[in-house]
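Worksheet: one structure, shown below.
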Amino acid sequence: MQRYILGKKNQITLVSAILIVLGFYGRFGLDNTILFNVSLIIASILGIAPIAIQAYQALKVKVVSIDVLVTIAVVGAILIQNYEESAIVTFLFLFGAYLEQRTLNKTRSAIKELTELAPESAWKQMEDGEFEEVDVDEVDEGDILLVKTGAKVPVDGTVLTGEGHINEASITGESIPVSKANGSEVFAGTILENGTIQIQADRVGEDTTFGQIIELVEEAQDSKSAAERFIDRFSKYYTPAVLVLGIIVWLFTNNVELAITVLVLGCPGALVIGVPVSNVSGIGNGARNGVLLKGSEVINDFSKVDTIVFDKTGTLTIGNPEVAEKEFYGKNTKEVLGYLASVERESDHPLAKAVLQDIGETEFSTVEETEVVKGGGIVAKVNGHRIAVGNVALMEQENVVLNDKARKDVERFEQNGNSLVLTTVDGELKVLMGIRDQIRPGVKQDLQALKKLGVKNLVVLSGDNQGTVDLVARELGLTEAHGHMLPEEKSAYIENLQAEGEIVAFVGDGVNDSPSLALADIGIAMGSGTDVAIETSDVVLMNSDFSRLPHALGLTKSTARNMKQNIIIAVGVVAILLAALLFSNWMNMSIGMLVHEASILVVIFNGMRLLRYHLRGNKTETETIAETNASMAKTKNAT
């Protein structure tokens, strides 16, 4: 029965609200006192049932919670026939619990999602030399496995034969697929985008890197138990104090009504509703501005963050490699670009896709005698010309001589963190392209805003090469930058920061970020990231709008302050009411109730101020549109 009643708390809250409205309508609209009293009595009895059960359960474990005080106060109010107070107190208490439940009880299915992403089968070489599809659990270390185009790599292993490009975003977060050939290391859960390879299993099952990711998420979520709410901690002292005060008043005055009045006025209605209304207002503001905050504990922890750690790809950068820089040598540029596009059209390499996207529409030519140079690029015949497209190693193999300018350009492009694509026609360098993932527009200004909000350390961790990571760090003014990092290394880094007493937020978007998102004090996921990252996180930036991060931090700081204000207001009003009741002649139940309910309205209105919050210095959408229109009008007039 207790479980049934507690399971119907939300329905009871709704029915209580309807009964209270009906009661007041009966009194002021119909002048019907009987309807007023009956409605409020029923509302009081319904409302007190789940609260009394929670009080009983708390007392069983020797905890004097606010539920105990509310139960005694409501029963006392009913006994002295103050049904209005008893009904309103129970409704406010239940409604506050409902509001907090909406924000705190977010089910997370990260483990299930990760498990579904894990490979389920593998093509295993049997004793007769043929490959047969088996369950991944039947694979042992040392087995030879076949991985086809589009398939997931089933285990961690080493390539024995074949070559291809593997998308390792699920492990390293790197946006550009990595070329694999004989001797290359591969990871379980990654995807072979093209080619066919045979691998030897080195680590299987839970020992694979992907298996360790799942284990890290499980451990991080288990260790991240919800902190006890401030109100509950406060009630350990507040509730017994009010109860003792009521008993003392009764013993000294022998006045039961006065003692009950102490409990009624001491009932923390504003305290109960104040914190949830701040939370809901803050969460509502966030949702309206593209920020999903998952609960009051998230708001409290996020407001205290002093270190924010970022994944690079898809977080600080856009996540799609593009041609960032290019240099042309000689004439006939248009013709050369046509040759380049014709050759790259033969390839499905991600760098080739970036080149084709940059060139755009062009005239394609017939490509003949195509030769793929492993680890170098492509050599082909186009319109009778020998075209070589690839890296510096391919140029050396083709005996291409780079002049001083070209060498300096190559060095500069590499220092800027680019992957290089050189194009030669008949042994002469014609085009140099630098391809890299682009930094998100406005990120530098957003990071500066975070520093102004009190964040001391801004760190980037990435599976990308150290040169590229250092470049991003220098350009954005980050505190630290670490490359070549696997998921477990990112998690270990965050644990070290936490061990040093820092409150850490981690911002990422991929499956490989899930352990760090779960382990950090605050996990922040980009909204276009994987479902696992979003489910594991505490904060989600919808539409991957990085500019919402400063707003999110500023909002949580304001919300945390607002909660403290509401607590002070609630406790202060109760203290004044009790002092006036005990040490003056003018305070009575009616005046006390009026002030009591007024304090509830005050904390509600104070909390609702958060709905209008926007970060100082950041332009609102309306202001931005107005400035854009004004600028366009000014340009038009000048023209």
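Going by my numbering, the sequence shown opens with residue 1236, and the numbers climb by one from there.
A virtual CB, placed ideally from N, CA and C, is assigned to each residue, including glycine.
Given the structure is predicted, the values throughout are model-derived calculations rather than measurements.
By the Cβ rule, the segment 1637–1652 does not count as touching the segment 1601–1619, because fewer than three pairs are nearer than 8 Å.
Here the alpha carbons of residue 1473 and residue 1803 stand approximately 13 Å from one another.
Residue 1830 and residue 1839 have their alpha carbons spaced roughly 14 Å apart. Going by beta carbons, residue 1510 and residue 1494 fall outside the 8 Å limit.
Sequence-distant partners of residue 1628 (beyond 5 residues in either direction) whose C-beta falls short of 6 Å from its own C-beta, in its chain, are 1611. In the DSSP assignment, residue 1276 falls within the unbroken alpha helix (DSSP H) covering 1268–1295.
For residue 1237, the three-state secondary structure derived from DSSP is helix. Taking a contact as a CB-CB distance under 8 Å, the pair residue 1325 and residue 1251 counts as one, their CB atoms being some 6 Å apart. Contact fails between the segment 1714–1722 and the segment 1564–1579, because fewer than three Cβ pairs, one in each stretch, are under 8 Å apart.
When DSSP states are grouped into helix, strand and coil, residue 1356 belongs to the strand group. Between residue 1500 and residue 1805, the alpha-carbon positions lie close to 11 Å from each other. With a beta-carbon spacing of about 18 Å, residue 1636 and residue 1656 fall beyond the 8 Å limit used to define contacts. For residue 1621, the secondary structure class from DSSP, reduced to helix, strand or coil, is strand.
Beyond the five residues adjoining it in sequence on each side, residue 1545 comes within less than 6 Å, by CB distance, of 1551, 1695 and 1742 in the same chain, given in chain order. Exclusion of the five residues before and after residue 1773 leaves 1529, 1533, 1757 and 1758 as the residues of its chain whose Cβ lies within less than 6 Å of its Cβ. In the DSSP assignment, residue 1559 falls within the unbroken beta strand (DSSP E) covering 1552–1563. Sequence-distant partners of residue 1287 (beyond 5 residues in either direction) whose C-beta falls short of 6 Å from its own C-beta, in its chain, are 1306. For the pair residue 1787 and residue 1526, the Cα-to-Cα distance works out to about 6 Å. As computed with DSSP, residue 1391 is found in a beta bridge with 1438. Rounded to the nearest angstrom, the gap between the Cα atoms of residue 1647 and residue 1707 is 15 Å.
Exclusion of the five residues before and after residue 1516 leaves 1842, 1843, 1845 and 1846 as the residues of its chain whose Cβ lies within less than 6 Å of its Cβ. Going by DSSP, residue 1672 is part of no alpha helix (DSSP H) but of the beta strand (DSSP E) stretching over 1663–1674. Residue 1370 has 1356 as its beta-bridge partners, per DSSP. A Cβ-Cβ contact shorter than 8 Å links residue 1547 with residue 1697. C-alpha of residue 1520 to C-alpha of residue 1848: approximately 7 Å in a straight line. Per DSSP, reduced to three states, the secondary structure at residue 1716 is strand. In the DSSP assignment, residue 1597 falls outside any alpha helix (DSSP H), carrying neither H nor E. In the DSSP assignment, residue 1604 falls within the unbroken beta strand (DSSP E) covering 1602–1608. In the three-state reduction of the DSSP assignment, residue 1831 falls in the helix class, which pools H, G and I.
Residue 1374 places its beta carbon less than 8 Å from that of residue 1439.
Taking 4 residues as the shortest admissible run, the segment 1509–1541 contains the following complete alpha helix (DSSP H) segments, listed from N- to C-terminal end: 1531–1537. Nearest in C-alpha terms to residue 1411, of all of 1781, 1426 and 1419, is 1426.
Residue 1819 is classed as exposed because its beta carbon has fewer than 16 other beta carbons within 10 Å across all chains shown. Per DSSP, residue 1569 is one residue of the alpha helix (DSSP H) stretching across 1568–1579.
Counting only residues of its own chain and dropping the five nearest sequence neighbours on each side, residue 1651 has a CB closer than 8 Å to the CB of 1559, 1560, 1669, 1671 and 1706. Residue 1416 sits in coil when the DSSP states are folded into three classes, being neither helix nor strand.
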